[in-house]
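Novice: Structure provided below as structure tokens; questions to follow.
In the working numbering, the protein residues as written are 77 to 302.
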């Protein structure tokens with residue numbers, strides 16, 4: 077849900093910037109690559125050191141590339157299967173870096189094995205949630221379900237909490253607890269979303285198989301009549 081409305085808003089806001097990049101000769105693929113590199117740097121350099129505020133600022137700046145590159149491709153009329161594949165693949169890389177950064181912090185300076193495990197679960201479940209939809213669509217199913225916590229929700233919840241938790245370094249007391257709470261929310265929400273998608277794919281595949289069987293039976297009956 078968040079992805080639907082937020083993407084529409086920011087697409088309108090970033091359209092002039094996308095047009096400027098096109099005039100400067102920048103390609104959508106270049107924006108995708110630079111954006112992913114920036115997110116990875118913010119997550120894997122700052123987060124393991126406990127620098128959540130500055131890490132979140134860096135990531136937020138670069139995460140908007142996910143909207144800019146698609147906008148550029150549409151404006152230039154060069155949308156392609158390759159661009160869609162590259163964008164989707166690098167989204168998974170960026171997501172993995174973010175939650176990997178959290179896991180590295182908790183495995184090191186954060187010294188919390190439970191939260192390290194929760195961070196790893198967020199990383200893995202986010203990848204599997206995306207895979208279930210892609211795999212379902214690849215076998216011809218619509219996977220018509222809006223999950224409880226999709227990619228946009230995972231990023232917003234975790235990054236807002238991380239940024240606020242980073243204010244602890246500036247003297248704000250007790251605020252660091254927001255990050256563990258957010259990661260638990262993302263973990264539980266991702267699990268619920270995964271179950272929603274698996275149930276949906278099971279139902280849609282059963283309906284598709286039943287329809288195919290019915291159509292096959294009708295063809296055989298028509299052949300027998302002739």
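Heads up, the beta-carbon is just placed ideally off N, CA and C, and yes, glycines get one too.
Put residue 140 into one of helix, strand or coil per three-state DSSP.
Specialist: Here residue 140 refers to the residue found at position 64 of the chain shown. It is coil, neither helix nor strand.
Novice: Below 9 Å between beta carbons: does that hold for residue 239 and residue 128?
Specialist: Position 163 of the chain shown, counted from the first residue, corresponds to residue 239. Position 52 of the chain shown, counted from the first residue, corresponds to residue 128. Cβ atoms of residue 239 and residue 128: closer than 9 Å.
Novice: Around the Cβ of residue 227, are there at least 16 other Cβ atoms within 10 angstroms (buried) or fewer (exposed)?
Specialist: Along the chain shown, one-based indexing puts residue 227 at 151. With 16 or more other Cβ atoms within 10 Å, it is buried.
Novice: How is the alpha helix (DSSP H) around residue 109 delimited, first residue to last?
Specialist: Along the chain shown, one-based indexing puts residue 109 at 33. Segment 104-117, the alpha helix (DSSP H) holding residue 109.
Novice: Can you give the Cα-Cα distance for residue 197 and residue 292, rounded to whole angstroms?
Specialist: Locating residue 197 in the chain shown gives position 121, counting from the first residue. Locating residue 292 in the chain shown gives position 216, counting from the first residue. A direct Cα-to-Cα measurement between residue 197 and residue 292 gives close to 43 Å.
Novice: Taking the alpha helix (DSSP H) that residue 174 belongs to, which residues open and close that run?
Specialist: Counted from its first residue, the chain shown places residue 174 at position 98. Note, residue 174: alpha helix (DSSP H), 157-183.
Novice: Measuring only the C-alpha atoms, how far is residue 265 from residue 222?
Specialist: What you label residue 265 is simply residue 189 of the chain shown in a count that begins at 1. What you label residue 222 is simply residue 146 of the chain shown in a count that begins at 1. Between residue 265 and residue 222, the C-alpha separation is close to 12 Å.
Novice: Might you give, ordered along the chain, the residues of its own chain that have their beta carbon closer than 8 Å to the beta carbon of residue 219, omitting 5 neighbours on each side?
Specialist: Against the chain shown, residue 219 aligns to sequence position 143. Excluding positions up to five away in sequence, the list reads 208, 209, 212, 213, 273, 276, 277 and 280.
Novice: When we look at the beta-carbon of residue 59 and count the other beta-carbons within 10 Å, is it buried (16 or more) or exposed?
Specialist: Residue 59 is absent from the model: the chain starts at 77 and stops at 302.
Novice: Can you give me the Cβ contacts of residue 169 inside the same chain, cut-off strictly under 8 Å, excluding the 5 residues immediately before and after it?
Specialist: For this step, residue 169 is matched to residue 93 along the chain shown. So the qualifying residues of the chain are 112 and 116.
Novice: Assign residue 147 to one of three DSSP states: helix, strand, or coil.
Specialist: Reading the chain shown from its first residue, position 71 is the one you call residue 147. It is helical.
Novice: Kindly indicate which residue of 134, 148, 121 and 130 has the alpha-carbon position closest to the one of residue 163.
Specialist: Reading the chain shown from its first residue, position 87 is the one you call residue 163. Considering only alpha carbons, the answer is 148.
Novice: Can you determine whether any heavy atom of the ligand MG sits closer than 8 Å to the C-beta of residue 137, and answer yes or no?
Specialist: Absence of the ligand MG is noted for the structure shown, with no ligands found whatsoever.
Novice: Round the Cβ separation of residue 231 and residue 139 to the nearest angstrom and send it over; I've been treating them as touching at under 8 Å.
Specialist: Looking up residue 231 in the chain shown gives position 155. Looking up residue 139 in the chain shown gives position 63. Contact holds; Cβ gap of about 7 Å.
Novice: What is the residue span of the alpha helix (DSSP H) that residue 233 lies within?
Specialist: What you label residue 233 is simply residue 157 of the chain shown in a count that begins at 1. Counting along the chain, the alpha helix (DSSP H) containing residue 233 begins and ends at 227-241.
Novice: By Cβ distance below 7 Å, which residues in the same chain neighbour residue 258 in space, the five residues on each side in sequence not counted?
Specialist: The residue given as residue 258 occupies position 182 in the chain shown. Excluding positions up to five away in sequence, the list reads 233, 234 and 237.
Novice: Assuming residue 194 contacts residue 263 under a Cβ cut-off of 8 Å, what Cβ separation, rounded to an integer in Å, is found between them?
Specialist: The count along the chain shown starts at 1 and reaches residue 194 at position 118. The count along the chain shown starts at 1 and reaches residue 263 at position 187. With 8 Å as the limit, residue 194 and residue 263 qualify as a contact, their Cβ atoms being about 5 Å apart.
Novice: If the criterion is Cβ atoms closer than 9 Å, does the pair residue 203 and residue 153 meet it?
Specialist: Against the chain shown, residue 203 aligns to sequence position 127. Against the chain shown, residue 153 aligns to sequence position 77. Contact: no.
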